[in-house]
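Below is one structure; the comments refer to it alone.
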Amino acid sequence: MSDTSAPTLEESFPIPGSEEEPNSLRMLGWKLLDWDPEAQKIKVGFETRKEFRNPGGVIQGGIIAAMIDDAFGPMCIMASGRTKRPLTLDLNVSYLAAGNHGKFICEARIIRQGKSISFVEGELFDASGELVARATSTVRLVPMQPR
0 MSDTSAPTLE ESFPIPGSEE EPNSLRMLGW KLLDWDPEAQ KIKVGFETRK EFRNPGGVIQ
60 GGIIAAMIDD AFGPMCIMAS GRTKRPLTLD LNVSYLAAGN HGKFICEARI IRQGKSISFV
120 EGELFDASGE LVARATSTVR LVPMQPR
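The numbers in numbering that gives the first Met the number 0 rise by one with no breaks, and the one at position 112 of the sequence shown is 111.
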(Lines of atoms letter the chains of each structure in order from A and count residues from 1; the text may use other names and numbers.)
(Lines give C-alpha, C1' and ligand atoms only; values in the text may rest on other atoms or scores of the structure.)
Protein backbone atom coordinates (compact mmCIF):
# COMPACT_ATOMS: atom_id res chain seq x y z
CA MET A 1 0.00 0.00 0.00
CA SER A 2 1.12 3.51 -0.61
CA ASP A 3 0.28 6.31 1.77
CA THR A 4 1.41 9.06 -0.60
CA SER A 5 -2.11 9.31 -2.02
CA ALA A 6 -3.87 8.87 1.33
CA PRO A 7 -6.25 11.75 2.04
CA THR A 8 -6.34 13.39 5.44
CA LEU A 9 -9.33 13.03 7.77
CA GLU A 10 -10.69 16.34 6.54
CA GLU A 11 -10.23 15.35 2.88
CA SER A 12 -12.04 12.08 3.52
CA PHE A 13 -15.20 13.93 4.49
CA PRO A 14 -16.62 16.69 2.28
CA ILE A 15 -18.30 18.74 5.00
CA PRO A 16 -15.61 19.57 7.59
CA GLY A 17 -16.83 21.67 10.47
CA SER A 18 -20.48 20.75 9.97
CA GLU A 19 -22.65 18.37 11.96
CA GLU A 20 -21.50 15.70 9.53
CA GLU A 21 -17.90 15.91 10.72
CA PRO A 22 -16.89 12.54 12.19
CA ASN A 23 -16.55 13.45 15.86
CA SER A 24 -16.30 9.78 16.85
CA LEU A 25 -13.10 9.52 14.82
CA ARG A 26 -11.57 12.42 16.70
CA MET A 27 -12.67 10.95 20.04
CA LEU A 28 -11.00 7.63 19.19
CA GLY A 29 -7.75 9.29 18.07
CA TRP A 30 -8.32 8.22 14.44
CA LYS A 31 -5.32 8.58 12.13
CA LEU A 32 -5.13 7.41 8.54
CA LEU A 33 -1.93 5.40 8.17
CA ASP A 34 -2.45 4.01 4.69
CA TRP A 35 -5.04 3.83 1.93
CA ASP A 36 -4.70 1.62 -1.14
CA PRO A 37 -7.49 2.56 -3.57
CA GLU A 38 -6.62 -0.21 -6.02
CA ALA A 39 -6.79 -2.98 -3.41
CA GLN A 40 -9.51 -1.13 -1.45
CA LYS A 41 -7.60 -1.55 1.81
CA ILE A 42 -7.16 0.89 4.67
CA LYS A 43 -4.88 1.00 7.69
CA VAL A 44 -5.99 3.25 10.54
CA GLY A 45 -4.38 4.05 13.88
CA PHE A 46 -6.32 4.77 17.06
CA GLU A 47 -5.27 6.02 20.48
CA THR A 48 -7.60 5.18 23.33
CA ARG A 49 -8.35 7.19 26.43
CA LYS A 50 -8.25 5.86 29.98
CA GLU A 51 -11.99 6.56 30.23
CA PHE A 52 -12.60 3.80 27.65
CA ARG A 53 -11.57 1.09 30.13
CA ASN A 54 -14.16 -1.16 31.73
CA PRO A 55 -14.06 -2.11 35.45
CA GLY A 56 -11.59 -4.88 34.57
CA GLY A 57 -9.10 -2.31 33.29
CA VAL A 58 -9.28 -3.21 29.60
CA ILE A 59 -10.90 -1.33 26.73
CA GLN A 60 -14.67 -1.84 26.72
CA GLY A 61 -15.91 -4.05 23.88
CA GLY A 62 -18.14 -1.36 22.39
CA ILE A 63 -15.10 0.89 21.95
CA ILE A 64 -13.26 -1.96 20.20
CA ALA A 65 -16.24 -2.34 17.84
CA ALA A 66 -16.39 1.43 17.29
CA MET A 67 -12.72 1.54 16.26
CA ILE A 68 -13.27 -1.17 13.67
CA ASP A 69 -16.50 0.42 12.42
CA ASP A 70 -14.70 3.78 12.19
CA ALA A 71 -12.16 2.20 9.86
CA PHE A 72 -14.91 0.67 7.70
CA GLY A 73 -16.81 3.94 7.21
CA PRO A 74 -14.00 6.14 5.86
CA MET A 75 -12.77 3.22 3.74
CA CYS A 76 -16.16 2.96 2.01
CA ILE A 77 -16.35 6.73 1.54
CA MET A 78 -12.91 6.87 -0.08
CA ALA A 79 -13.59 3.77 -2.20
CA SER A 80 -16.67 5.49 -3.64
CA GLY A 81 -14.63 8.54 -4.59
CA ARG A 82 -16.35 10.43 -1.75
CA THR A 83 -19.71 10.18 -3.52
CA LYS A 84 -21.37 7.73 -1.11
CA ARG A 85 -21.50 7.23 2.63
CA PRO A 86 -22.06 3.91 4.40
CA LEU A 87 -24.86 2.98 6.76
CA THR A 88 -23.94 -0.05 8.86
CA LEU A 89 -26.52 -2.82 8.39
CA ASP A 90 -24.69 -5.31 10.59
CA LEU A 91 -21.42 -5.48 12.46
CA ASN A 92 -20.18 -8.85 13.71
CA VAL A 93 -17.20 -8.67 16.06
CA SER A 94 -15.18 -11.57 17.45
CA TYR A 95 -13.12 -10.52 20.48
CA LEU A 96 -9.91 -12.53 20.54
CA ALA A 97 -7.82 -10.84 23.25
CA ALA A 98 -8.14 -8.12 25.87
CA GLY A 99 -7.45 -4.66 24.50
CA ASN A 100 -5.29 -2.70 26.90
CA HIS A 101 -5.27 1.10 26.95
CA GLY A 102 -3.00 2.64 24.30
CA LYS A 103 -2.53 2.55 20.56
CA PHE A 104 -4.32 0.25 18.15
CA ILE A 105 -4.15 -0.39 14.41
CA CYS A 106 -7.05 -1.54 12.27
CA GLU A 107 -6.45 -3.11 8.88
CA ALA A 108 -9.60 -3.37 6.79
CA ARG A 109 -10.61 -4.24 3.27
CA ILE A 110 -13.62 -4.26 1.02
CA ILE A 111 -14.50 -7.83 0.07
CA ARG A 112 -17.17 -6.89 -2.45
CA GLN A 113 -18.68 -3.55 -3.35
CA GLY A 114 -21.85 -3.21 -5.34
CA LYS A 115 -23.89 -0.14 -6.26
CA SER A 116 -25.69 0.01 -2.94
CA ILE A 117 -24.18 -2.68 -0.65
CA SER A 118 -20.61 -3.42 0.44
CA PHE A 119 -19.19 -6.34 2.37
CA VAL A 120 -16.15 -5.45 4.47
CA GLU A 121 -13.84 -7.11 6.99
CA GLY A 122 -11.07 -6.02 9.29
CA GLU A 123 -8.77 -6.82 12.18
CA LEU A 124 -7.77 -4.69 15.16
CA PHE A 125 -4.28 -5.10 16.62
CA ASP A 126 -2.83 -3.66 19.82
CA ALA A 127 0.51 -1.84 20.02
CA SER A 128 2.42 -5.13 20.38
CA GLY A 129 0.82 -6.52 17.21
CA GLU A 130 -1.52 -8.91 19.02
CA LEU A 131 -4.83 -9.52 17.24
CA VAL A 132 -7.51 -8.13 19.57
CA ALA A 133 -10.63 -8.46 17.40
CA ARG A 134 -11.83 -9.43 13.96
CA ALA A 135 -15.02 -8.11 12.36
CA THR A 136 -17.20 -8.31 9.29
CA SER A 137 -19.86 -5.86 8.25
CA THR A 138 -22.47 -5.27 5.60
CA VAL A 139 -23.04 -1.63 4.75
CA ARG A 140 -25.62 0.16 2.64
CA LEU A 141 -24.15 2.87 0.42
CA VAL A 142 -26.21 6.05 0.04
CA PRO A 143 -25.41 9.21 -1.93
CA MET A 144 -23.35 11.77 -0.05
CA GLN A 145 -25.36 14.98 0.02
CA PRO A 146 -24.54 18.27 1.72
CA ARG A 147 -27.10 19.22 4.37
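Backbone N, C-alpha and C fix where the C-beta goes; we use that ideal spot for every residue, glycine too.
Report the three-state DSSP secondary structure of Asn-53 (helix, strand or coil). The answer is coil: DSSP assigns Asn-53 none of H, G, I, E or B.
Through-space distance from Phe-71 to Asp-33, alpha-carbon basis: Taking C-alpha positions only, Asp-33 is separated from Phe-71 by approximately 13 Å.
Determine the direct distance from the alpha carbon of Lys-40 to that of Lys-83, and round the result to whole angstroms. Distance between the alpha carbons of Lys-83 and Lys-40 is about 17 Å.
Please report the straight-line C-alpha distance between Val-131 and Asp-69, rounded to a whole angstrom. Separation of Val-131 and Asp-69 (C-alpha to C-alpha, rounded to the nearest whole angstrom) is 16 Å.
Val-43 to Leu-90, Cα distance in whole Å? Computed Cα separation, rounded: 18 Å.
Since Asn-91 sits in a beta bridge, which residues does DSSP pair it with? Answer is Thr-135.
Three CB pairs or more closer than 8 Å across the stretch 56-63 and the stretch 73-80: Between the stretch 56-63 and the stretch 73-80 there are fewer than three inter-stretch CB-CB distances shorter than 8 Å, so the stretches are not counted as touching.
Check the DSSP bridge columns for Trp-29 and list the partner residues they point to. Partner residues in a beta bridge of Trp-29, as assigned by DSSP, do not exist.
Same chain only: Cβ atoms within 6 Å of Arg-25, ignoring 5 sequence neighbours per side: Around Arg-25: no qualifying Cβ.
For the stretch 107-121 against the stretch 46-54, do three or more pairs of beta-carbon atoms, one drawn from each stretch, fall closer than 8 Å, so that the two count as touching? Judged by Cβ distances under 8 Å, the stretch 107-121 makes no contact with the stretch 46-54, as fewer than three pairs qualify.
Rounded to a whole number of angstroms, what is the C-alpha to C-alpha distance between Leu-95 and Pro-142? Each residue's Cα considered, the two are about 35 Å apart.
Simplified DSSP assignment, three categories, for Ala-107: Here Ala-107 sits in strand by DSSP.
Compute the Euclidean distance between the alpha carbons of Pro-21 and Leu-31, then round it to the nearest angstrom. So the alpha carbons of these two residues sit roughly 13 Å apart.
Between which two residues does the beta strand (DSSP E) holding Gly-72 run? Here Gly-72 belongs to no beta strand (DSSP E); instead the alpha helix (DSSP H) covers 60-78.
In whole angstroms, give me the CA-to-CA distance for Glu-106 and Gly-56. Looking at the two C-alpha atoms, the distance is approximately 25 Å.
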